[in-house]
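Chains as they are written, first to last, in the working numbering: chain L, 1 to 535; chain Y, 1 to 219.
Even glycine gets a Cβ: it sits at the ideal position worked out from N, Cα and C.
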Amino acid sequence: MSSRPILHAAVCVLALIAILGDREALADRLDLIQKRGTLVVGVKSDYPPFGMLDANGRLIGFEPDLAAELARRLDVRLQLVAVSSTNRLQKLEEGAIDVVIATLGDTPQRRRIATIVEPNYYASGVTVVAPPGNRLSGWADLRGKKVCATQGAYFNRPMAQRFLLDLQVFNGTRDTKLALRDGRCVAWLYDDTGIASILNDPEWANYETPLPSTMISPWAMAIAASEHGSRLERILSDAIADWHRSGWLLEIEQRWDIKPSRFLADAHELWTRVRSDGDPVCTRLASGEWPTECRNKLLLTSTDVAGLYHVGLLIKERTGLNLTILYDAYDRDLFLSGLWMTLHLMVTSIAGSLLVGCLGALAAESGTPFLHGFVRLSAAVGRMTPPLLLIYLIFFGVGHIVVTRIGWTFDGSVIAIFCLSLYTGCAIVVALLEASAVLKHQEPGFSLGWRNLPRVLRLAYASVVASLVNVVKATGMASIIAVPELISASTAIVAEQGNPAVMMNVLMITYFLLVMSTVRIFNYIERRMLQHDVR
Amino acid sequence: MTSAEIVGMLLAWTPFLAGGFAWNILISLVAMAIGTVLGAVLARLRLSGRKSLARTSLVVTELTRNIPTFVFLFYLAFLIPAEFEISGQIHVFPAWLKAALALSVAVVGFVSDNLFVAWQHWRNHNHAAALLFVPSWTMYLLIIVMASSTASVIGVGEIVSRCNIIIAAVGGDETMFWVYAYAIGYFFIFCFPLNWAMGHVKKRLLARVGTASPQKSGK
């Protein structure tokens, strides 16, 4: 009787060892691949040119090329299996395939059901197809316009919200194509990789993709969830990193005639970047992971990162406030350069308005009778021209004529400053002439000249300052001609991050503080002037 | 394009542009209405005997003075949903109303300040000086009409948006210049007579103020 439990225990232990041993052998997929001498990769068959069938029914394309290169590295044969968007992860879990390279977007949900291999090897975004002769140069040009879209696309709603599009949603791509053909919308919102294959169709050859892709969703290779941290993951990860470094992915992209993606170019730049000590930025850390800046930023959680980034993500997780301008270096730079541009616009517009105002008033009072009437009329016309229309007129209307006749192009910010200064300057001319009239009434011999300009300015101070504060508030108008100031920067960040509530409040508060500071500065100047007068 | 063709094109699109300009006027009037009512409330509070109320009103007025309408336009466009639901019914929040709301903020500050002064004059039986509010208000309406062109950036079908539609439809490089210049003409033709008339009214009122009370009223 006494030997029974021991035997029992021994059997259990043996069974456990067998199971564990077996698991060990099975768990390492790399061993299996090498034993069978074949790497089985799931790719798409209906997504040209990323994965498609050739005339002989063989799977070819961008992704099959990556699979072939992997097999070459592992020194095994390659077997390609066609998978679809619905079954690719299931087949992976079943063990029917070793790796999925099938336009798989890297999302948090998918990270829970499969092992996503970092870095990402490609990215798709959203863009528009537009008929030839469209005048689209930025996403903001589509604001309020009728834009066709295909039902069911995940990006329809966020894109409509971010760019304030008037979406006309059609059932299926065929209907959407027809709607665009018939001019029922100015453009068609679609996946940029899908668009690339549509444009290969000769019927669509003269259509264009005028806008840069947005809402970029990175693509990743995936292996089974149980393979997390395995040798296979490491090998795949190193392979992709090598491809980014060598620029090989760019070659493959070119081989398949794919429109160069910014993602690949950026990744190549990032993976070849070196620190000041000569080490590459993207080298594995002691933990075996890639540094934060080399990973998919959309999917990081606060436990993965340190520093400001950590604080920013912690705020996001706790409160839902996505303050990307705090923790994301790219957004922060975008916002700060926007702020700098806005400050530049404000200061130069103030100076320009004063210049126009003073010169106008001096010219009017110079004694030439013809000039007086001319300046007054011009000032009246200038004050009754909406600055926004003036900017359009000069930037597009006059700008185009100048480019074609003389070949000069003007920077958008220069034109915005010119138009705003002209508009505000006209108001200042009127204010100065009124003040000058008052002085003439008081002192019969008075005439406006360089010498007594400060006196007139002081008399007209309140209305001049009111005009200058208005021009400070109006600097945002430069955004309509794509000057990269605060509004442009903020809407760009909203477009990328989808955080309109946070960014619009940040924008509003920033502008509010800028206007308030301007008012304070002018009040301070007024106080100093009064003190000076008393002394 | 010959000049005859340009004139023909502009004439053909005139009703379309005029319809757009009607939107500008509508947006401006709605903005003035909202702003005047709220501004009048603020001005009245500033005159109230209770210090806390007067101070609060002054702070709110200060706030509205520092808000740039162009930025506020984006703010409302992004943050007010295009559609909202009240007890199962879907209501649309039109973009033009967002534009009017954004513009009304500037009107609130203006009315609060100017009506406050006018009210004081009226109380002192200085009626002519108080009536100066009317030409100032009308001239401010003109400023708002010009600012209403910014509604185009959030997709309101007013005159600037329609200019862009015409340019896209007609094509041609010189079209842009003429269409925008023509649109500027609309603003001028609307604003100039009103501005001139109000300037005249202002002068008359100022003359009456001058004869009624010799002391100059400060700003």
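Assuming residue i and residue j make a contact with CB atoms under 8 Å, what is their CB distance in whole Å?
i       : j       : result
L103(Y) : I144(Y) : 6 Å
A128(Y) : W122(Y) : Not a contact, Cβ separation roughly 10 Å.
A264(L) : E253(L) : The sequence given here places Leu at residue 264(L); Ala does not occur at that position. Indeed they touch by this definition, with Cβ atoms about 6 Å apart.
P48(L)  : S197(L) : 5 Å
E114(L) : L80(L)  : Here residue 114(L) is Ala; the residue named in the question, Glu, does not match the sequence. 19 Å between Cβ atoms; not a contact.
S136(Y) : N114(Y) : 6 Å
A431(L) : V472(L) : Actually they do not touch by this definition, with Cβ atoms about 17 Å apart.
D331(L) : I493(L) : 5 Å
Relative to the alpha-carbon of residue i, which residue among the options has its alpha-carbon at the smallest distance?
i       : options                               : result
S545(L) : A482(L), A267(L), A82(L) and E63(L)   : Missing from the structure shown is residue 545(L); chain L here goes from 1 to 535 and no further.
V134(Y) : L194(Y), V30(Y), G20(Y) and F72(Y)    : L194(Y)
R72(L)  : F512(L), L236(L) and H244(L)          : L236(L)
T342(L) : A478(L), D411(L) and G382(L)          : A478(L)
G360(L) : H344(L), F155(L), R455(L) and S378(L) : S378(L)
A151(Y) : P94(Y), R46(Y) and T36(Y)             : P94(Y)
F21(Y)  : L73(Y), A43(Y), L53(Y) and Y180(Y)    : Y180(Y)
V356(L) : I493(L), H344(L), L321(L) and C419(L) : C419(L)
L142(L) : G155(Y), F110(Y) and M146(Y)          : G155(Y)
D242(L) : A501(L), L459(L), N120(L) and S230(L) : N120(L)
G106(Y) : E5(Y), F187(Y), V37(Y) and L205(Y)    : One point to set straight first is that residue 106(Y) is Ala, not Gly, in the sequence displayed. Comparing Cα positions, the closest option is V37(Y).
M504(L) : F84(Y), Y75(Y) and M32(Y)             : Y75(Y)
G320(L) : E118(L), V502(L), S85(L) and N134(L)  : V502(L)
N156(L) : G133(L), D191(L) and G183(L)          : D191(L)
A239(L) : R181(L), A68(L), T209(L) and L199(L)  : A68(L)
Y70(L)  : T38(L), Q90(L) and A224(L)            : Strictly speaking, residue 70(L) in this sequence is Leu, with Tyr absent from that position. Closest by alpha carbon: T38(L).
W13(Y)  : F84(Y), T175(Y), G109(Y) and C191(Y)  : T175(Y)
A82(Y)  : A474(L), G57(L) and L165(L)           : L165(L)
S287(L) : A364(L), G229(L) and D277(L)          : G229(L)
T214(L) : G373(L), S261(L) and Y327(L)          : S261(L)
G194(L) : E293(L), R284(L) and M52(L)           : M52(L)
W450(L) : S436(L), E289(L), G61(L) and F410(L)  : S436(L)
F192(Y) : L141(Y), L206(Y) and S149(Y)          : L141(Y)
Between the beta-carbon of residue i and the beta-carbon of residue j, is there less than 8 Å?
i       : j       : result
V562(L) : A187(L) : Residue 562(L) lies beyond the range of chain L shown here (1 to 535); nothing can be said about it.
L457(L) : L339(L) : no
K146(L) : Q168(L) : yes
M346(L) : N66(Y)  : no
F70(Y)  : R162(Y) : no
H244(L) : W204(L) : no
I159(Y) : A183(Y) : yes
L132(Y) : K203(Y) : no
L45(Y)  : L53(Y)  : yes
S337(L) : L468(L) : no
P107(L) : W219(L) : In the sequence as presented, Pro is not what sits at residue 107(L); that position holds Thr. No, the pair does not count as a contact, with Cβ atoms beyond the cut-off.
F251(Y) : M384(L) : This structure cannot settle anything about residue 251(Y), because the visible part of chain Y is limited to 1 through 219.
F446(L) : L439(L) : yes
V41(L)  : I101(L) : yes
A77(Y)  : I27(Y)  : no
T209(L) : T173(L) : no
A489(L) : L334(L) : yes
V117(Y) : L42(Y)  : no
According to DSSP, is residue i part of a helix, a strand, or is it coil?
i       : result
L211(L) : coil
N120(L) : strand
H200(Y) : helix
T342(L) : helix
I525(L) : helix
L285(L) : coil
P291(L) : coil
L39(L)  : strand
I86(Y)  : strand
R23(L)  : Reliability of the predicted coordinates at R23(L) is poor, the pLDDT of 45 falling under 50, and no value is obtained from them.
S366(L) : coil
P280(L) : strand
H91(Y)  : strand
M52(L)  : strand
I80(Y)  : coil
List the residues of chain B that residue i touches, going by C-beta distances under 8 Å, in chain order.
i       : result
G360(L) : Of the chains in the structure shown, none is chain B; the protein chains are L and Y.
With 9 Å as the limit, tell me which residues of the stretch 54 to 70 of chain Y have their beta carbon closer than that to any beta carbon of chain L; keep them in chain order. Within the stretch 54 to 70 of chain Y, the residues whose Cβ lies closer than 9 Å to some Cβ of chain L are E62, L63, R65, N66, I67, P68, T69 and F70, listed in chain order.
Taking beta-carbon pairs under 8 Å, can you tell me which members of the stretch 384 to 411 of chain L lie near chain Y? Of all residues in the stretch 384 to 411 of chain L, the ones placed with a Cβ closer than 8 Å to any Cβ belonging to chain Y are M384, T385, P386, P387, L388, L389, L390, Y392, L393, F396, G397, V398, H400, I401 and T404, in chain order.
The stretch 1 to 33 of chain Y: positions lying closer than 8 Å to chain L by Cβ: Within the stretch 1 to 33 of chain Y, no residue qualifies.
Going along the stretch 159 to 174 of chain L in order, which residues come within less than 9 Å of chain Y, judged by CB to CB distance? If the cut-off is 9 Å between Cβ atoms, the stretch 159 to 174 of chain L has A160, Q161, R162, L164, L165 and D166 near chain Y.
To be precise: take each residue of the stretch 460 to 475 of chain L, compare its Cβ to all Cβ atoms of chain Y, and keep it if any distance is under 7 Å. Which residues remain? Cβ contacts with chain Y: A462, K473 and A474.
What residues in the stretch 133 to 144 of chain Y bring their beta carbon closer than 8 Å to a beta carbon of chain L? Flagged, chain order: L142.
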